[in-house]
Amino acid sequence: MKLRTALIGAVSAAAVAGSALASESITVVSWGGAYTKSQVEAYHKPWMAATGNTIVSEDYNGGLAEVKAQVEAGNVTWNVIDVELSDAVRGCDEGLLEPIDHSILPAAPDGTPAIEDFIEGSLPECAVANIVWSTIFAYDSSKTSGVTGIGDFFDLEKFPGKRGLRKNPKAQLEMALMADGVAPGDVYDVLGTPEGVDRAFAKLDTIKDSVVWWEAGAQPPQLLADGEVVMTTAYNGRIFNAAAGEGKPFVVNWDAQILDFDLWVIPKGAPNMEATLDFVKFSTDTQRLADQAKWIAYGPARKSSGPLVGLYNDGKTEMGPNMPTAADNLETALVSNFEFWADNQDEMNERFNAWLAQ
Amino acid sequence: MTDTTQGPLMAADGTPLKARLAKAMFVSRVRAFGLVAPLLAFISLFFFLPIVVLLFQGVYNDQFAEGMPRTTELIGDWDGQDLPDEALYAAVVADIKQAREIDRALPTKVGARLNREISGALSLFKKTTRRAAKMEAPFKEGLIKADKKWGQIEYWHAMKRVSSSYTLSFVLKALDLRITDEGAIGWQPENVQIHVKLFLRTLEISLIVTLATIALGYPVAYLLATLPVRTSNLLLILVLLPFWTSILVRTTAWIAILQGQGVVNDFLSYFFTTHVGRALDYVLVNLFWMDPGYERLSLIYNKLGTLIAMTHILLPFMILPLYSVMKSIPPQYVRAAKSLGATNWTAFWRVYFPQTVPGIGAGAILVFILAIGYYITPALLGGQEGVMISNIIDTHMRSSLNYSLAAALGLVLLVFVLLLYWLYDRIVGIDNMKLG
Numbered sequence: 021m022k023l024r025t026a027l028i029g030a031v032s033a034a035a036v037a038g039s040a041l042a043s044e045s046i047t048v049v050s051w052g053g054a055y056t057k058s059q060v061e062a063y064h065k066p067w068m069a070a071t072g073n074t075i076v077s078e079d080y081n082g083g084l085a086e087v088k089a090q091v092e093a094g095n096v097t098w099n100v101i102d103v104e105l106s107d108a109v110r111g112c113d114e115g116l117l118e119p120i121d122h123s124i125l126p127a128a129p130d131g132t133p134a135i136e137d138f139i140e141g142s143l144p145e146c147a148v149a150n151i152v153w154s155t156i157f158a159y160d161s162s163k164t165s166g167v168t169g170i171g172d173f174f175d176l177e178k179f180p181g182k183r184g185l186r187k188n189p190k191a192q193l194e195m196a197l198m199a200d201g202v203a204p205g206d207v208y209d210v211l212g213t214p215e216g217v218d219r220a221f222a223k224l225d226t227i228k229d230s231v232v233w234w235e236a237g238a239q240p241p242q243l244l245a246d247g248e249v250v251m252t253t254a255y256n257g258r259i260f261n262a263a264a265g266e267g268k269p270f271v272v273n274w275d276a277q278i279l280d281f282d283l284w285v286i287p288k289g290a291p292n293m294e295a296t297l298d299f300v301k302f303s304t305d306t307q308r309l310a311d312q313a314k315w316i317a318y319g320p321a322r323k324s325s326g327p328l329v330g331l332y333n334d335g336k337t338e339m340g341p342n343m344p345t346a347a348d349n350l351e352t353a354l355v356s357n358f359e360f361w362a363d364n365q366d367e368m369n370e371r372f373n374a375w376l377a378q
Numbered sequence: 014m015t016d017t018t019q020g021p022l023m024a025a026d027g028t029p030l031k032a033r034l035a036k037a038m039f040v041s042r043v044r045a046f047g048l049v050a051p052l053l054a055f056i057s058l059f060f061f062l063p064i065v066v067l068l069f070q071g072v073y074n075d076q077f078a079e080g081m082p083r084t085t086e087l088i089g090d091w092d093g094q095d096l097p098d099e100a101l102y103a104a105v106v107a108d109i110k111q112a113r114e115i116d117r118a119l120p121t122k123v124g125a126r127l128n129r130e131i132s133g134a135l136s137l138f139k140k141t142t143r144r145a146a147k148m149e150a151p152f153k154e155g156l157i158k159a160d161k162k163w164g165q166i167e168y169w170h171a172m173k174r175v176s177s178s179y180t181l182s183f184v185l186k187a188l189d190l191r192i193t194d195e196g197a198i199g200w201q202p203e204n205v206q207i208h209v210k211l212f213l214r215t216l217e218i219s220l221i222v223t224l225a226t227i228a229l230g231y232p233v234a235y236l237l238a239t240l241p242v243r244t245s246n247l248l249l250i251l252v253l254l255p256f257w258t259s260i261l262v263r264t265t266a267w268i269a270i271l272q273g274q275g276v277v278n279d280f281l282s283y284f285f286t287t288h289v290g291r292a293l294d295y296v297l298v299n300l301f302w303m304d305p306g307y308e309r310l311s312l313i314y315n316k317l318g319t320l321i322a323m324t325h326i327l328l329p330f331m332i333l334p335l336y337s338v339m340k341s342i343p344p345q346y347v348r349a350a351k352s353l354g355a356t357n358w359t360a361f362w363r364v365y366f367p368q369t370v371p372g373i374g375a376g377a378i379l380v381f382i383l384a385i386g387y388y389i390t391p392a393l394l395g396g397q398e399g400v401m402i403s404n405i406i407d408t409h410m411r412s413s414l415n416y417s418l419a420a421a422l423g424l425v426l427l428v429f430v431l432l433l434y435w436l437y438d439r440i441v442g443i444d445n446m447k448l449g
């Protein structure tokens with residue numbers, strides 16, 4: 021509802037801007053649902069209030085297809101896009117994204133330069149990270165209990181019923197290996213060998229007939245709520261919002277969680293560059309990143325934002341333990357390896373699609 | 014009977030009649046062409062041209078040759094037996110250096126193109142680009158030291174393959190084939206073979222849907238054509254209403270109906286708790302050794318879901334041509350057959366049915382051609398076993414960004430459809446088709 025108000029506001033403001041050239045309008049593209057809402061609340065609204073500019077918020081489902089189409093057609097209409105790390109790196113490699121000078125980013129309140137304040141690896145050439153998120157698996161505690169770890173996700177005998185998995189080899193292969201007993205530190209070494217890939221697919225084979233595949237981040241909580249699946253992989257923030265925000269009895273199991281960044285990128289040749297960069301700077305300062313955590317359980321990408329994270333917007337749920345970066349949750353965590361995926365994405369996708377169609 | 018007039022026929026003004034006629038015809042032909050010219054221009058510009066340009070990408074990709082001109086020139090002469098000599102290594106370094114000066118992202122673009130042939134090429138090029146600026150002769154040693162992949166002959170074979178801008182490798186891949194390191198054509202490894210299977214599945218689903226729409230649509234069209242006008246108009250509206258509804262709405266409506274917790278499953282699971290249901294359950298358990306109780310059926314996210322929804326959505330395309338053909342069949346023929354002693358069945362089969370064949374032909378080809386390129390319904394309802402070739406094309410357009418492979422798949426699909434069209438013309442005859 022708020023999103024729609026913002027949109028209507030943006031559209032009408034854009035109409036005014038068109039006649040009077042009073043303010044600029046930029047298009048910010050993100051993943052929709054609870055996640056976009058958190059960005060609208062924490063970044064868009066304060067920025068619009070501070071600058072008088074407007075933001076048109078659009079949703080997409082990830083990937084670089086639209087960016088590639090826009091850049092190659094020379095008709096770029098998107099200004100800022102929220103992408104996964106592997107896409108940020110790949111888009112930069114393929115020349116689809118503008119390089120971003122990281123020295124323009126605001127320093128932390130204590131004066132630490134941004135380049136040191138951001139978590140290591142979160143500032144690749146063409147991008148600025150805003151959050152740390154993770155792929156976890158979750159279940160409905162009113163229907164399922166006694167789940168200990170990722171092994172149970174693949175145990176159809178102990179927990180009969182359908183499983184939800186993202187229709188994408190990324191994260192699913194890593195999880196399969198960890199369920200098969202590979203230590204998080206060894207996952208990419210194993211996956212780098214043909215035998216390791218076979219092993220991951222063999223593990224996925226054991227539950228293939230019981231899988232419901234999802235593609236959009238909003239689907240897994242829905243699948244759980246509908247009782248279509250017993251357990252599902254999901255983005256941790258989506259499950260948190262369904263649980264804390266809507267009172268659903270969903271539980272996140274942090275075993276074998278896979279950490280990744282979401283980052284702002286700017287397509288090559290985007291219009292209104294000045295306002296665009298201003299928005300990127302504004303939205304990734306210490307306070308803004310901490311504010312976003314009020315709306316969804318994703319960890320801020322700046323170290324200095326950590327201590328500022330407090331309660332969820334319901335005023336009672338402590339965000340700390342629900343963050344993927346909480347110490348307790350990190351014990352068996354794996355950080356997604358973007359270099360592996362940049363190199364092997366095509367081959368793994370091919371294999372994965374062939375495996376799906378079998 | 015001898016022709017007394019000599020020479021050609023003359024018009025009143027003395028010019029040959031033939032020339033006059035040709036002149037008159039020419040003017041009317043120009044006029045006719047002038048009338049269709051805007052449409053022709055529109056179709057060429059906005060339909061054929063984009064298709065040709067896109068399909069061309071399936072056999073042409075110059076990303077490598079453009080970024081690495083020296084390497085491209087030299088690698089053609091390389092025999093592919095052993096690792097290439099120093100000259101080729103030097104060419105690679107010079108090309109990468111130059112490409113980086115033209116556009117910082119160019120070397121990685123080249124790497125990304127090569128990565129479609131062999132995994133790991135992208136990081137190889139990124140790493141090499143970082144070091145190329147400082148690299149000095151001998152380059153062979155230097156490159157292999159920078160990354161040992163430069164010493165692996167597979168990467169050179171892959172570069173040789175992508176160096177030619179006109180390439181069959183995408184079309185081959187669309188048929189699960191590849192060019193091996195020896196330069197011969199062979200099958201892809203079994204665990205990545207998918208396209209042939211999907212083409213066959215697409216054909217299978219399209220055929221089943223076509224047959225199902227004939228079976229379901231024929232009686233409906235017959236009713237429409239033979240009932241009194243008032244009733245048949247009402248029925249016609251019932252056929253057309255879904256036809257006018259958005260395809261997305263109809264597809265998602267099927268989700269609500271068919272899903273595990275959907276209308277059909279809810280009703281059946283309720284039914285099996287009633288007396289009749291329990292009696293039926295008893296019979297099923299004892300006569301057919303089925304498990305007692307009702308287990309919710311998987312009607313969706315599989316091939317069945319795709320078939321059900323596609324049949325429903327494409328049904329009007331069968332009913333409407335059939336209806337218009339049946340409407341034009343005079344009822345006297347069947348009456349005459351009956352008065353001459355034919356049974357109901359003979360009158361239908363020998364007299365009525367043959368006259369409806371053009372309608373079946375038209376409906377079948379419409380439904381089949383629409384079904385073979387169907388996309389949104391299998392994407393939403395197909396799960397993993399109900400997806401069709403169009404869904405893979407979509408994957409390559411939207412997520413893997415492999416436009417070339419998508420174009421090659423489209424090309425194969427187009428050839429495939431034209432082939433079927435030709436077969437249809439040979440067997441049934443395209444002139445036998447009638448839309449009304």
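Sequence order for the protein chains is A and B.
Be aware that the first sequence starts at 21, since it is given in the working numbering, and climbs by one per residue.
Be aware that the second sequence starts at 14, since it is given in the working numbering, and climbs by one per residue.
Note that beta-carbon positions come from the ideal geometry of N, C-alpha and C, so glycine has one too.
- prompt: Can you tell me where the beta strand (DSSP E) with T141 of chain B in it begins and where it stops?
  reply: Boundaries for T141 of chain B: no beta strand (DSSP E) harbours it, while the alpha helix (DSSP H) harbouring it runs 134–145, taken from the DSSP string.
Check: L376 of chain A versus chain B: which residues are under 7 Å apart at the beta carbon?
Finding: Identification of chain B residues near L376 of chain A by a Cβ-Cβ cut-off of 7 Å yields Q397, ordered along the chain.
query: When DSSP builds the beta bridges, which residues end up paired with T396 of chain A?
result: Residue coverage of chain A in this structure runs from 21 to 378, which leaves residue 396 of chain A outside it and unanswerable.
Review point. Mind checking R129 of chain B: buried by the 16 CB within 10 Å criterion, or exposed?
Key: The residue is buried, with at least 16 neighbouring Cβ atoms inside 10 Å.
G319 of chain A bridges to which residues according to DSSP? For G319 of chain A, which the question treats as bridged, DSSP gives the partners A:V152.
| Own chain residues within Cβ distance below 6 Å of V233 of chain B, not counting five before or after | Here the set comprises I332.
Review point. In three-state terms, what does DSSP make of Q277 of chain A?
Key: The three-state secondary structure of Q277 of chain A, taken from DSSP, is strand.
Q) Okay, do the region 252–270 of chain A and the region 235–242 of chain A touch, 3+ Cβ pairs below 8 Å being the bar? A) Touching, yes.
_Just to confirm the assignment, what range does the beta strand (DSSP E) spanning D102 of chain A have?_
Following the DSSP letters along the chain, one finds D102 of chain A inside the beta strand (DSSP E) bounded by residues 100–104.
From the beta carbon of I218 of chain B, is the nearest beta carbon of chain A less than 8 Å away? Taking Cβ atoms only, chain A never reaches closer than 8 Å to I218 of chain B, which makes this a no.
*How long is the line joining the alpha carbons of M14 of chain B and A349 of chain B, rounded to whole angstroms?*
Because M14 of chain B sits at a pLDDT of 47, beneath the cut-off of 50, its placement in the model cannot be relied upon, and the point is left open.
Rounded to a whole number of angstroms, what is the C-alpha to C-alpha distance between A146 of chain B and P287 of chain A?
Straight across, the Cα-Cα distance linking A146 of chain B with P287 of chain A is about 27 Å.
Count the CB pairs spanning the region 288–308 of chain A and the region 41–51 of chain A that are closer than 8 Å, and state whether there are at least three. Per the Cβ contact rule, the region 288–308 of chain A is in contact with the region 41–51 of chain A (3 or more Cβ pairs under 8 Å).
Is it buried or exposed, Q76 of chain B, if we count other Cβ atoms within 10 angstroms and call 16 or more buried? Buried is the call here.
Query raised in the report: Quick one: what does DSSP say M195 of chain A is sitting in, helix, strand or coil?
Result: When DSSP states are grouped into helix, strand and coil, M195 of chain A belongs to the helix group.
- Answer with buried or exposed for E308 of chain B, where buried requires no fewer than 16 other C-beta atoms within 10 angstroms of its C-beta. Residue environment analysis places E308 of chain B among the exposed positions, since fewer than 16 neighbouring C-beta atoms fall within 10 angstroms of its C-beta.
Worksheet item: Between the region 54–68 of chain B and the region 420–439 of chain B, do at least 3 Cβ pairs fall closer than 8 Å?
Response: With a cut-off of 8 Å, the region 420–439 of chain B and the region 54–68 of chain B count as touching, because enough Cβ pairs lie within range.
Find the residues of chain A that neighbour A266 of chain B, judging by a C-beta separation of less than 8 Å, and give them in chain order. In chain order: nothing, as chain A lies at least about 16 Å away.
Own chain residues within Cβ distance below 7 Å of D172 of chain A, not counting five before or after | Correct list, in chain order: K178, F179.
Item to check | Assigned exposure category for L414 of chain B - 16 Cβ within 10 Å defines buried | outcome: By the 10 Å Cβ count, L414 of chain B comes out buried.
inquiry  = So, for L216 of chain B: in the same chain, excluding its five sequence neighbours on each side, which residues have a beta-carbon less than 7 Å away from its beta-carbon?
reply    = Taken in chain order, the list of residues that qualify is empty.
_Are the CB atoms of T180 of chain B and N278 of chain B within a distance shorter than 8 Å?_
The Cβ atoms of N278 of chain B and T180 of chain B do not sit closer than 8 Å to each other.
Q.
Any beta carbon of chain A sitting closer than 8 Å to that of Y73 of chain B?
A. No, because no Cβ of chain A sits closer than 8 Å to the Cβ of Y73 of chain B.
| field | Continuous alpha helix (DSSP H) stretch holding A220 of chain A: start and end | value | In the DSSP assignment, A220 of chain A falls within the unbroken alpha helix (DSSP H) covering 214–225.
Three-state secondary structure (DSSP) at G306 of chain B? G306 of chain B falls in the coil class under three-state DSSP.
- Task: Using the Cα positions of I378 of chain B and L185 of chain B, report the straight-line distance between them to the nearest angstrom.
- Result: Between I378 of chain B and L185 of chain B, the C-alpha separation is close to 28 Å.
| field | F157 of chain A in three-state terms, based on DSSP | value | In the structure shown, F157 of chain A sits in a strand (DSSP, three-state: E or B).
*Quickly, what does DSSP pair M23 of chain B with across the bridge? List them, please.*
For M23 of chain B, the beta-bridge partners assigned by DSSP are B:P29.
| task | Could you list which residues in chain A have their beta carbon closer than 9 Å to that of Y314 of chain B, in chain order? | result | Residues of chain A whose Cβ lies closer than 9 Å to the Cβ of Y314 of chain B are, in chain order, V232, W233.
**Report entry** Listed by chain order, chain B residues near D305 of chain A by CB distance under 7 Å
**Finding:** Under the 7 Å cutoff, chain B gives no residues; its nearest Cβ is about 28 Å from D305 of chain A.
(Q) Run through chain A and tell me which residues come within less than 9 Å of K210 of chain B, C-beta to C-beta. (A) Ordered by position in chain A, the residues that pass the 9 Å Cβ test against K210 of chain B are A374, A377, Q378.
With a threshold of 8 Å between beta-carbons, can E248 of chain A be considered close to chain B, or not? Chain B contact via Cβ: present.
*Going straight from the alpha carbon of V298 of chain B to that of D304 of chain B, what length do you get?*
Whole-angstrom Cα-Cα distance: 6 Å.
Practice task
Please state if the CB of S417 of chain B and the CB of F55 of chain B are separated by a distance shorter than 8 Å.
Solution key: No, these two residues do not count as a Cβ contact at 8 Å.
Query - Collapsed DSSP secondary structure at L452 of chain B in the structure displayed - result: The question about residue 452 of chain B has no answer here: the residues shown for chain B are numbered 14 through 449.
So the candidates are A:E370, A:L283, A:N364, A:G94; which of them puts its Cα closest to the Cα of I151 of chain A?
Here the closest residue by C-alpha is A:L283.
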